[in-house]
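In terms of this note's numbering, the first sequence is numbered consecutively and its last residue is 410.
Every residue, glycine too, gets a C-beta built ideally from N, C-alpha and C.
Note that the structure is predicted; figures quoted are calculated from it, not measured.
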Amino acid sequence: MSNDLEQKIDEILSRSVAEILPTREELKKNLLSGKKMRIYTGADATGTQLHIGHSTNFIILEKLRQLGHEVIILFGDFTAMIGDPTDKTAARVRLTKKQVDENIKSWKDQISKIINFEDKKNPAKIVKNSEWLSKLNFSDVIDISSNFTVQRMLERDMFEKRMKEKKPIHVHEFMYPLMQGYDSVVLDVDMEIGGTDQTFNMLTGRTLQKRYHDKEKFVLTTTLLVNPITGEKLMSKSLGGFVALNDVPNDMFGKIMALPDETIIHVFVDCTYVSMENIKQMENDMQSGELNPRDAKLRLAFEIVKIYHGEEKAEEAKKYFIDTFSKKEIPENIPEVTIETESVSLVDFIVLSGNAKSKGEARRKIEQGGVEIGGQKETDWQKVLDKEFDGKVFKVGKLGFARIKFE
RNA sequence: GGGUAGGUGGCGGAGCGGUCAAUCGCACCUGACUGUAAAUCAGGCGACUUCGGUCUUCGGGGGUUCGAAUCCCUCCCUGCCCA
Numbered sequence: 004m005s006n007d008l009e010q011k012i013d014e015i016l017s018r019s020v021a022e023i024l025p026t027r028e029e030l031k032k033n034l035l036s037g038k039k040m041r042i043y044t045g046a047d048a049t050g051t052q053l054h055i056g057h058s059t060n061f062i063i064l065e066k067l068r069q070l071g072h073e074v075i076i077l078f079g080d081f082t083a084m085i086g087d088p089t090d091k092t093a094a095r096v097r098l099t100k101k102q103v104d105e106n107i108k109s110w111k112d113q114i115s116k117i118i119n120f121e122d123k124k125n126p127a128k129i130v131k132n133s134e135w136l137s138k139l140n141f142s143d144v145i146d147i148s149s150n151f152t153v154q155r156m157l158e159r160d161m162f163e164k165r166m167k168e169k170k171p172i173h174v175h176e177f178m179y180p181l182m183q184g185y186d187s188v189v190l191d192v193d194m195e196i197g198g199t200d201q202t203f204n205m206l207t208g209r210t211l212q213k214r215y216h217d218k219e220k221f222v223l224t225t226t227l228l229v230n231p232i233t234g235e236k237l238m239s240k241s242l243g244g245f246v247a248l249n250d251v252p253n254d255m256f257g258k259i260m261a262l263p264d265e266t267i268i269h270v271f272v273d274c275t276y277v278s279m280e281n282i283k284q285m286e287n288d289m290q291s292g293e294l295n296p297r298d299a300k301l302r303l304a305f306e307i308v309k310i311y312h313g314e315e316k317a318e319e320a321k322k323y324f325i326d327t328f329s330k331k332e333i334p335e336n337i338p339e340v341t342i343e344t345e346s347v348s349l350v351d352f353i354v355l356s357g358n359a360k361s362k363g364e365a366r367r368k369i370e371q372g373g374v375e376i377g378g379q380k381e382t383d384w385q386k387v388l389d390k391e392f393d394g395k396v397f398k399v400g401k402l403g404f405a406r407i408k409f410e
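Structure follows, in structure tokens:
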């Protein structure tokens, strides 16, 4: 039994883990001791969507919850107003309370696919940091900030980088790590989990926990999903192409198939429950050429969609993908666009069906050979559709399908 | 406070009186290839258009000029150096 526990702990402390502070051994000892720890991870409420990059932390958190530890998801509604300095575009947008509540609601739904909030004995909790951060006054802030030096703040990689590049650093951005650190104090946590980009912020909390509560806070950093070729973050709103936790099955499946082949193994490790042995095996098979990366990716997409939508939907999404993109068949459920006039131009129809943002874009797609009517390529952008086209299926690009219906 | 360099499309970053709707890279879109929406290659990437053009964009406002992202004035914002 205890061996079993140790094995579980070992997996938790190794899979997707970049670093554990102060030490892995120390943390392991704590986890083995049977003492109930209070553990949290935070996410800023900058948008409505979470992506599979976030899921890594949630998966670890849930495993810890299942071991009986108290688990908290912090919703950074206050911190979002300042914006993590990592995210250059985030500053200054103040979210309304209404927006924040909206986000919380959908976030909980999204996260609940991974983390159990309904468990009778030990449910995970959600907190908002505006609850305490908005109440601090200036002298509180001074008190907190007196624990740090400017030099220490400047150590933050992002600040360092901006200093080097002579890019602006605003004074209030210094407050960000302090606020996140203060969260640890208010929640009085024993441990925080976050991506490696959060190391500095999490260490701030470690310092403050020590000062205010004389407590050792563990910090566990998780590996970030990066594109091994470009070195860019794989899941990033600004860089595009992220897989959101609330994407509909077909989109989610397709987006995963669009990930570069080189990232497959990494995503398996960080975002699925597939066993490490299994993953290792796939890695070897791909290297030896026995396993086509496409097939590994099909499985990856399946595994991930399964987490968020269940096995049945995952199966459907897989079928949809293979039929539509591999076999190039026409999918079954095609949205119907009703036309109330005698005729419409092809260009207008494409815009109406949502497959182009403007007439110019629609025109380009037609001219570039991206449009098919009833399986026939159509390159005349001046084409006008009349009732003879009633019921025909239009394909726009690889993804867009629409059926025309005249009233 | 003084000096100086800047603010350009989703981002990075050219351009410095006309040929600029604005080079290029990233992202994005389309095609070819691949039982991958990977990779690679090719093309595209403001809006409207009776396809001739028309209109709105280069921090905000005002001006000079036949004509400005490019020159001048003013305001706002930022970097760097000095104090």
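Around the C-beta of Pro180, 16 or more other C-beta atoms lie within 10 Å, and the residue is accordingly described as buried. When C-beta atoms of the stretch 299-319 are compared with those of the stretch 257-265, three or more pairs fall below 8 Å, so the two segments count as touching. Among the bridge pairs identified by DSSP, Val189 is matched with none.
Lys408 is a Cβ neighbour of Glu339, given a cutoff of 8 Å. Distance from Val399 to Ile325 at the Cβ level is roughly 21 Å; contact not present, criterion being Cβ atoms closer than 8 Å.
In the DSSP annotation of this structure, the continuous segment of the beta strand (DSSP E) that includes Lys398 starts and ends at 396-399. At the C-beta level, Ala247 and Gln385 stay beyond 8 Å of one another. DSSP places Leu77 inside the beta strand (DSSP E), whose first and last residues are 73-79. If you check the CB distance, Ser19 and Thr59 come in under 8 Å. For Asp47, DSSP records a beta bridge to Gly79.
Looking from the CA of Leu34, the closest CA among Thr44, His54, Gln69, Ile76 belongs to Gln69. The stretch 170-190 and the stretch 10-29 do not touch, with fewer than 3 CB-CB distances between them shorter than 8 Å. Assigned with DSSP and collapsed to three states, Arg159 falls in coil, not helix or strand. Pairing Gln183 with Gly45 gives a Cβ-Cβ distance under 8 Å.
Put simply, the backbone Cα of Ile15 is about 54 Å away from that of Val350. Annotated as proximal: Ile129 and Lys111, with beta-carbon spacing under 8 Å.
DSSP, reduced to helix, strand and coil, places Ile310 within a helical segment of the structure shown. If you draw a straight line from the Cα of Gly257 to the Cα of Asn295, it is about 17 Å long. Shown here, His173 sits in coil according to DSSP, grouped into three states, outside any helix or strand. When the beta-carbon positions are compared, Leu30 and Phe221 come within less than 8 Å of each other.
Looking at the backbone, the Cα of Tyr323 and that of Val347 are separated by about 30 Å.
Put simply, of Leu228, Lys316, Lys38, Asp298 the residue whose alpha carbon is nearest the alpha carbon of Ser329 is Asp298. Taking the Cβ atoms as the reference, His72 lies roughly 6 Å from Lys39, within the contact range of under 8 Å. In the DSSP assignment, Lys218 forms no beta bridge with any residue.
When beta bridges are read from the DSSP output, Met194 appears opposite Ile42, Phe221. Looking at Asp383, Phe397, Phe392, the one whose alpha-carbon comes closest to that of Ile337 is Phe397.
The C-alpha of Val74 is placed about 16 Å away from the C-alpha of Gln113.
Annotated three-state conformation of Ala261 is coil, per DSSP.
Non-local beta-carbon contacts of Ile196 in its own chain, meaning distances under 7 Å to residues more than five positions away in sequence, involve Ile42, Thr44, Asn60, Ile63, Leu64, Leu223, Thr225 in chain order.
DSSP places Leu34 in the uninterrupted alpha helix (DSSP H) bounded by 27-35. Per DSSP, the unbroken alpha helix (DSSP H) holding Thr59 starts and ends at 55-69. Out of Met178, Gly373, Asp254, the CA that lies nearest to the CA of Leu136 is found in Met178. Spanning the alpha carbons of Arg209 and Pro126 requires a straight line of approximately 25 Å. According to the DSSP assignment, Ile342 belongs to no alpha helix (DSSP H) but to the beta strand (DSSP E) extending over 339-342.
Excluding sequence positions up to five before and after Thr341, its CB lies within less than 7 Å of the CB of Lys408, Glu410, all in the same chain and listed in chain order.
Take the alpha-carbon of Glu219 and the one of Ile172: they are about 31 Å apart.
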